[in-house]
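A.B. asks: Before we start, here is the structure in question, set down as structure tokens.
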Amino acid sequence: MEAEFHGDSGQGNGSGGPGVGIGDYLGVFSRRAWLVVIPFVLVLGVAAVLGFLLPAQFEADTVIVVKDTSDLDQLYENVDLNLPHKQALSTIRQVIGRRLFLEDIVDRNDIREGFDVANPRERTRMFKALLKKLNVRLVTQKTGPDVIEIKYQGREARKVCYFVNEVRDKYMNYILETRREDVRRVMDDLKTRTELAKRAVVAGEDAYQAFQEENDFALLGEKTLADKRNELASVRERLGSKKVSLDGQSRRIDQLRADLLGENKEVRGGSKKVRNPAFIAQENKVARVKADLDSLLERFHELYPGIKVARTALQIEKDSLNQLEEFVEEEQVTKTNPLWETLTSQLQSARADQRGLTAEIESLTRRETNLQEQVDKIPGLSRESAEKKSRLRAAQENHARLARRYTAARGLWNRVNSRDGDFFRTLKTPLPEDADSWDPVFPSVPLFVGIGAFIGLLIGAGLAFLVEFSSSSFVTVNQLRRTLPVAVLGQVSTIRTVQDVRRRRLVRSIGWTVLLTVVAVLVFAHICYFNAELQSNLPSWLLLTMKRFYGAH
Numbered sequence: 008m009e010a011e012f013h014g015d016s017g018q019g020n021g022s023g024g025p026g027v028g029i030g031d032y033l034g035v036f037s038r039r040a041w042l043v044v045i046p047f048v049l050v051l052g053v054a055a056v057l058g059f060l061l062p063a064q065f066e067a068d069t070v071i072v073v074k075d076t077s078d079l080d081q082l083y084e085n086v087d088l089n090l091p092h093k094q095a096l097s098t099i100r101q102v103i104g105r106r107l108f109l110e111d112i113v114d115r116n117d118i119r120e121g122f123d124v125a126n127p128r129e130r131t132r133m134f135k136a137l138l139k140k141l142n143v144r145l146v147t148q149k150t151g152p153d154v155i156e157i158k159y160q161g162r163e164a165r166k167v168c169y170f171v172n173e174v175r176d177k178y179m180n181y182i183l184e185t186r187r188e189d190v191r192r193v194m195d196d197l198k199t200r201t202e203l204a205k206r207a208v209v210a211g212e213d214a215y216q217a218f219q220e221e222n223d224f225a226l227l228g229e230k231t232l233a234d235k236r237n238e239l240a241s242v243r244e245r246l247g248s249k250k251v252s253l254d255g256q257s258r259r260i261d262q263l264r265a266d267l268l269g270e271n272k273e274v275r276g277g278s279k280k281v282r283n284p285a286f287i288a289q290e291n292k293v294a295r296v297k298a299d300l301d302s303l304l305e306r307f308h309e310l311y312p313g314i315k316v317a318r319t320a321l322q323i324e325k326d327s328l329n330q331l332e333e334f335v336e337e338e339q340v341t342k343t344n345p346l347w348e349t350l351t352s353q354l355q356s357a358r359a360d361q362r363g364l365t366a367e368i369e370s371l372t373r374r375e376t377n378l379q380e381q382v383d384k385i386p387g388l389s390r391e392s393a394e395k396k397s398r399l400r401a402a403q404e405n406h407a408r409l410a411r412r413y414t415a416a417r418g419l420w421n422r423v424n425s426r427d428g429d430f431f432r433t434l435k436t437p438l439p440e441d442a443d444s445w446d447p448v449f450p451s452v453p454l455f456v457g458i459g460a461f462i463g464l465l466i467g468a469g470l471a472f473l474v475e476f477s478s479s480s481f482v483t484v485n486q487l488r489r490t491l492p493v494a495v496l497g498q499v500s501t502i503r504t505v506q507d508v509r510r511r512r513l514v515r516s517i518g519w520t521v522l523l524t525v526v527a528v529l530v531f532a533h534i535c536y537f538n539a540e541l542q543s544n545l546p547s548w549l550l551l552t553m554k555r556f557y558g559a560h
């Protein structure tokens, strides 16, 4: 066997260079093993004893969901009920964290948590400790449901279960009662405002109808202002034409009257004899007597006495007729002037036309006056009508908006008065009958043992390194080899080739890599396991294994 001087080849440490290698540091654990083992055992024992002696802590949690918050928020926004739903929920920690809120629940469930509740000071300390163990978490969203989680740790599982459930129920009742008071107040206010708005609408409708009737608004509304102006222009044009015609007719009448004054009504004709009325009467009498004679001749003989008398009477009458003059005097004949009659007829026709034109002009003048009044009034009436319409529409919109608010408030009133107010949904609730089978969340003996072992190793390693490096005589074998040109007594081994050295380095590197990888995986697994948000990163089989090992944490 040949001696090998480790200092000659410079291969004593892991890196092949001078100085202290990792192996020199790890050698401390073999030389100072008692300093590592004693703290490890002591701390591990203390941790195990604490894990068994500390009072068990049980945890219960309940989760409630505030239903339809997006619908409620939209409802509040649309109808302006002034019921800040999310703002009310945001004060949950302040509400539940009040001693007045929890005191009756604590007394009813006889929660002591190791304190003397008969002592006021101890009771105050108990409530402070209770509030530290009571965790209230609110998850709010802009849209969608809000989630409330209430969690508590205590010494007795059933009391913890009852306490969590009663805190949840009391807070739900508190919110519902607050909602009822708010909704009732808003309902009363909205009812009054809706009635006033209805009266305003009725008054506006009456005022608008009276305005229409007073101003003949229906007539004015038949045509636009432009149509009225066009009609007024047409009437004025016709009126001007009629006035021109009337002036012409007046001049014609004046001319006819002047012509008529220059003509005589009657003109003289020729003279003639006038028959004597007495002659005419006697002639008629002779005719009657002769007729009587002829009648007697037809009926009687010539010798009839009456005929002779009749002939004598006829002769007497004829003699009287012969004694009278047929024409007694002559008279002057007059007749109406034809030109005068023509002029008179034309004058009468012209005057009739004048009266017709005058009546038509008066009608057109009245129409012009009415149209002018309408044209002058329409802009003002339109503005006044628009204002009244706008006020009426605003009153109607206000009434409709208040009616919607009142309807929404009644719906919300029905909701908050229903079971659970139709407001909450209990997603998770602990059951008292299951509480007896709960595993404590603190202390966990495996967890305490693991933490104690880790802390004991840290303390032992620290003490070992502290004692080792505090000694001034600490010199490693490799350092000694590099300072002496001769072999160190007792350090004799087989001469290794370069390939052997490289192989040893590779094995060491692989070993350290595997060790560090295992440590990193274990550290990562524990970090993920003890963080609820990161547990989803663990494989299911590893998560189940760690749950079996660490219990119900």
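Just so we're aligned, residue 8 is where the sequence shown starts under this note's numbering, counting upward by one.
Virtual Cβ for every residue (Gly too), placed ideally from N, Cα, C.
Quick one, which of 130, 96, 201 and 65 has its alpha-carbon nearest residue 110's?
C.D. replies: The shortest Cα separation from residue 110 among 130, 96, 201 and 65 belongs to 130.
A.B. asks: With C-beta atoms as the reference, is residue 361 less than 8 Å away from residue 248?
C.D. replies: No; because the gap between Cβ atoms is not below 8 Å, this pair is not in contact.
A.B. asks: Given a threshold of 16 other Cβ atoms within 10 Å of its Cβ, counted over all protein chains shown, does residue 166 qualify as buried or as exposed?
C.D. replies: Residue 166 comes out buried.
A.B. asks: Under three-state DSSP, which class holds residue 287?
C.D. replies: DSSP places residue 287 in helix when its eight states are reduced to three.
A.B. asks: Mapping DSSP to helix, strand and coil, what is residue 76?
C.D. replies: Low confidence applies here, because residue 76 scores a pLDDT of 47, under 50, leaving its location unreliable; read the following figure in that light. Reduced to three states, the DSSP call for residue 76 is helix.
A.B. asks: Sort out for me which residues DSSP pairs residue 322 with in a bridge.
C.D. replies: Per DSSP, none; premise fails for residue 322.
A.B. asks: Provide the residue span of the beta strand (DSSP E) that contains residue 432, from first to last.
C.D. replies: Per DSSP, residue 432 belongs to the beta strand (DSSP E) from 431-435.
A.B. asks: Between the segment 394-414 and the segment 205-219, do at least 3 Cβ pairs fall closer than 8 Å?
C.D. replies: Flag = yes, the segment 394-414 and the segment 205-219 touch.
A.B. asks: From this set, 158, 107, 146 and 155, which residue's C-alpha is nearest residue 134's C-alpha?
C.D. replies: Among 158, 107, 146 and 155, the Cα nearest to that of residue 134 belongs to 107.
A.B. asks: By Cβ distance, which residues of its chain are closer than 6 Å to residue 72, with the 5 residues on each side in sequence left out?
C.D. replies: Closer than 6 Å at Cβ, skipping near neighbours: 152, 154, 432 and 434.
A.B. asks: Around the C-beta of residue 311, are 16 or more other C-beta atoms found within 10 angstroms, so that it is buried, or is it exposed?
C.D. replies: Exposed is the call here.
A.B. asks: Thinking just about the alpha-carbon of each residue, which of 430, 210 and 187 is nearest to the one in residue 403?
C.D. replies: Answer by Cα proximity: 210.
A.B. asks: When we look at the beta-carbon of residue 101 and count the other beta-carbons within 10 Å, is it buried (16 or more) or exposed?
C.D. replies: Exposed.
A.B. asks: At least one CB of chain D closer than 8 Å to the CB of residue 414: is that the case?
C.D. replies: Of the protein chains in this structure there is only one, and it is not chain D.
A.B. asks: Can you list, in chain order, the residues of its chain with a C-beta nearer than 7 Å to that of residue 468? Leave out the 5 residues immediately preceding and following it.
C.D. replies: Contacts found: 43.
A.B. asks: Is the separation between the beta-carbon of residue 99 and that of residue 159 shorter than 8 Å?
C.D. replies: No, the pair does not count as a contact, with Cβ atoms beyond the cut-off.
A.B. asks: Is residue 447 buried or exposed, if buried means 16 or more other CB atoms sit within 10 Å of its CB?
C.D. replies: Residue 447 should be labelled buried.
A.B. asks: One question on the structure: do residue 460 and residue 122 come within less than 8 Å of each other, judged by their Cβ atoms?
C.D. replies: No, the pair does not count as a contact, with Cβ atoms beyond the cut-off.
A.B. asks: Rank 270, 320 and 322 by C-alpha distance to the C-alpha of residue 344 and give the top, closest one.
C.D. replies: Per the Cα distances, 270.
A.B. asks: Under three-state DSSP, which class holds residue 555?
C.D. replies: If DSSP states are grouped into helix, strand and coil, residue 555 belongs with the helices.
A.B. asks: Just the Cα atoms here: how many angstroms apart are residue 186 and residue 120?
C.D. replies: Using only the alpha carbons, I get a separation of about 34 Å.
A.B. asks: Given this structure, state the Cα-to-Cα distance separating residue 322 from residue 330, to the nearest angstrom.
C.D. replies: So the alpha carbons of these two residues sit roughly 12 Å apart.
A.B. asks: I need the straight-line Cα distance from residue 566 to residue 415, nearest angstrom please.
C.D. replies: Residue numbering for the chain in the displayed model covers 8 to 560; residue 566 lies beyond these limits and cannot be assessed.
A.B. asks: When you compare only the Cα positions, how much space is there between residue 550 and residue 541?
C.D. replies: So the two alpha carbons sit approximately 11 Å from each other.
A.B. asks: Output the distance between the C-alpha atoms of residue 188 and residue 405, rounded to the nearest integer angstrom.
C.D. replies: Answer to the nearest angstrom: the Cα atoms are 25 Å apart.
A.B. asks: So for residue 271, helix, strand or coil by DSSP?
C.D. replies: Three-state DSSP puts residue 271 in coil, outside helix and strand.
A.B. asks: Alpha carbon to alpha carbon, what distance is there between residue 418 and residue 198?
C.D. replies: If you take the alpha carbons of residue 198 and residue 418, they lie about 14 Å apart.
A.B. asks: Compare the beta carbon distance of residue 239 and residue 375 with 8 Å and say whether it is the shorter of the two.
C.D. replies: Yes.
A.B. asks: Roughly how many angstroms lie between the CA atoms of residue 36 and residue 45, to the nearest whole one?
C.D. replies: Looking at the two C-alpha atoms, the distance is approximately 12 Å.
A.B. asks: Apart from the five residues just before and just after residue 143, which ones in its own chain have a Cβ nearer than 7 Å to its Cβ?
C.D. replies: Excluding residues within five positions, the ones whose Cβ falls inside 7 Å are 99, 100, 103 and 157.
A.B. asks: Need the endpoints of the alpha helix (DSSP H) that residue 167 sits in, please.
C.D. replies: Residue 167 -> alpha helix (DSSP H) spans 164-221.
A.B. asks: Tell me whether residue 71 sits in a helix, a strand or coil according to DSSP, three-state version.
C.D. replies: Three-state DSSP puts residue 71 in a strand.
A.B. asks: Check this for me: beta carbons of residue 364 and residue 252, under 8 Å apart or not?
C.D. replies: Going by C-beta atoms, residue 364 is nearer than 8 Å to residue 252.
A.B. asks: From this set, 352, 246, 52 and 132, which residue's C-alpha is nearest residue 366's C-alpha?
C.D. replies: Answer by Cα proximity: 246.
A.B. asks: May I have the straight-line CA-CA distance separating residue 462 from residue 58, to the nearest angstrom?
C.D. replies: Cα to Cα, residue 462 sits roughly 15 Å from residue 58.
A.B. asks: Going by DSSP, what residue range makes up the beta strand (DSSP E) through residue 156?
C.D. replies: Start and end: 153-161.
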